Ligand code: SF4
């Protein structure tokens with residue numbers, strides 16, 4: 268069975284989930300989207316209002332910025348990456364998900380990553396870093412440094428929403444994403460070029 272077929276088998280199970288208290292106030296469960304055969308996954312925190320309405324991850328202002336970041340890497344979400352969130356239902360008022368909610372939802376993300384089996388996972392923001400790397404991790408300390416675990420390369424960086432609040436974070440994030448491109452060229456596709464970060 269292909270990765271796409273396995274993800275489609277998983278989808279209805281996730282969409283039917285009511286395991287935590289986030290589901291009643293959310294319009295729908297946001298499963299994630301992208302190219303299941305992609306070797307890179309991006310993991311954010313959870314749906315916001317626009318994602319909750321659309322049923323798709325990263326479609327609001329932070330999502331538009333993520334698309335620009337992907338474009339600078341010469342990636343497109345439907346062709347080169349898969350985009351996921353730690354929690355699949357919108358926390359009310361766009362608050363951060365609580366630890367108990369993250370823990371309830373984490374098996375979905377773990378199963379998705381098991382199926383997708385990405386070589387590189389970009390962790391967008393502290394919720395993703397704490398859920399997948401270390402519960403006490405501080406994004407300001409760990410960003411930009413590779414974590415190698417479970418046969419994958421994990422790159423913590425800031426969430427695009429943080430860049431919208433503080434544009435000074437764009438420079439460190441681009442530095443982190445260039446490291447991702449270096450690793451992608453090393454492990455996945457040596458010919459993957461980008462006009463914003465050409466192959467040297
Ligand atoms: S956030 Fe996750 S665990 Fe909670 S109801 Fe939605 S899918 Fe289920």
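Residue numbers (my numbering): 268 to 467.
C-beta: ideal position from N, C-alpha, C; glycine also.
These numbers were taken from a predicted model, which means no experiment stands behind them.
Determine the extent of the alpha helix (DSSP H) in which residue 330 is found, giving its start and end residues.
328–339 is the extent of the alpha helix (DSSP H) around residue 330.
With a threshold of 6 Å (Cβ to nearest heavy atom), would residue 296 be considered close to the ligand SF4?
Yes, Cβ of residue 296 sits closer than 6 Å to a heavy atom of the ligand SF4.
In the DSSP assignment, find the alpha helix (DSSP H) that holds residue 441 and state where it starts and stops.
Segment 437–454, the alpha helix (DSSP H) holding residue 441.
Buried or exposed: which applies to residue 283, given that a residue is buried once 16 or more other Cβ atoms fall within 10 Å of its Cβ?
Burial is judged here by how many other beta carbons sit within 10 angstroms of a residue's own beta carbon; residue 283 has fewer than 16 and is exposed.
With respect to the beta strand (DSSP E) encompassing residue 351, which residues constitute its N-terminal and C-terminal limits?
Bounds of the beta strand (DSSP E) holding residue 351 are 348–352.
Can you say whether residue 289 is buried or exposed, counting buried as having 16 or more other CB atoms within 10 angstroms of its CB?
Counting the other Cβ atoms within 10 Å of the Cβ of residue 289 gives 16 or more, which makes it buried.
If residue 286 and residue 357 are in contact, beta carbons under 8 Å, what's the gap, nearest whole angstrom?
Actually they are not in contact, since the Cβ atoms of residue 286 and residue 357 sit about 15 Å apart, beyond 8 Å.
Could you tell me whether the Cβ atoms of residue 388 and residue 421 are closer together than 7 Å?
In this structure, residue 421 lies closer than 7 Å to residue 388 by Cβ.
Is residue 290 near the ligand SF4, judged by its Cβ being under 6 Å from some heavy atom?
Distances taken from the Cβ of residue 290 to the heavy atoms of the ligand SF4 include one shorter than 6 Å.
Nearest to residue 342 by CA position, among 308, 323 and 361, is which residue?
Closest option to residue 342, Cα to Cα, is 308.
Can you tell which of 395, 381 and 336 has its C-alpha closest to the C-alpha of residue 364?
The candidate whose alpha carbon is nearest that of residue 364 is 395.
What is the C-beta distance between residue 438 and residue 423, in whole angstroms, given that I count them as a contact (C-beta under 8 Å)?
Contact annotation, residue 438 with residue 423: C-beta distance approximately 16 Å; criterion of less than 8 Å not satisfied.
Taking the Cβ atom as the reference point for each residue, do residue 415 and residue 306 lie within a distance shorter than 7 Å?
A distance of 7 Å or more separates the beta carbons of residue 415 and residue 306.
Less than 6 Å between the CB of residue 354 and some heavy atom of the ligand SF4, yes or no?
Yes; taking the cut-off as 6 Å, the Cβ of residue 354 has a heavy atom of the ligand SF4 nearer than that.
Spatial neighbours of residue 350 within its chain, please: C-beta separation below 7 Å, excluding the five flanking residues on both sides.
Cβ neighbours of residue 350 beyond the five flanking positions: 299, 300, 301, 309, 324, 325 and 344.
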